[in-house]
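Participant: The sequence shown lines up with residues 30 to 129 when you count with the numbering used here.
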Amino acid sequence: MYLIHVRLRASGGATAPPGLAGIISSYAEERDGLEHVAVHPDGFGGVTLGIFSLAPALAEAEASAARLSARAVADHPGLAGFAVLSVGAALVPGPWWDAC
30 MYLIHVRLRA SGGATAPPGL AGIISSYAEE RDGLEHVAVH PDGFGGVTLG
80 IFSLAPALAE AEASAARLSA RAVADHPGLA GFAVLSVGAA LVPGPWWDAC
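1. Does Gly-117 come out as helix, strand or coil in the three-state DSSP assignment?
2. Suppose contacts are defined by Cβ-Cβ distances below 8 Å. Is Ala-99 in contact with Ala-90 by that definition?
3. By Cβ distance, which residues of its chain are closer than 8 Å to Leu-37, with the 5 residues on each side in sequence left out?
4. Please give me, in chain order, every unbroken run of the beta strand (DSSP E) with length at least 3 that falls completely inside the stretch 60 to 118.
5. In terms of residue numbering, what span does the beta strand (DSSP E) encompassing Ala-57 cover?
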């Protein structure tokens, strides 16, 4: 499983609609390999989505998260004015990092 961060921001100071994780999930297609969506407001009008993907490879997980987010932003009225700023794997530190 891969954790992909997708940063969204709205023009004009709009805030993310309630139930954003469910909104994003509702746009998932089987090929997206979506397992779970977490939502983290950034305090500046933006939001980071944590998209947990069951894709078989990192590049595919990132591409799927980008497609999924773009579909939702383009189609859902509550996301009007939002844009996808970035999509990328989240690096999670592990116990091996101290050994480097």
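All C-beta atoms in this analysis are idealised placements derived from N, C-alpha and C, irrespective of residue type, glycine included.
Facilitator: So, from the listed chains and residues:
1. strand
2. no
3. Ala-45, Gly-75, Val-76, Thr-77, Leu-78, Ser-98, Val-102, Leu-108, Phe-111, Ala-112, Val-113, Leu-114
4. 63 to 70, 75 to 82, 111 to 118
5. Element bounds for Ala-57: n/a, residue is neither H nor E.
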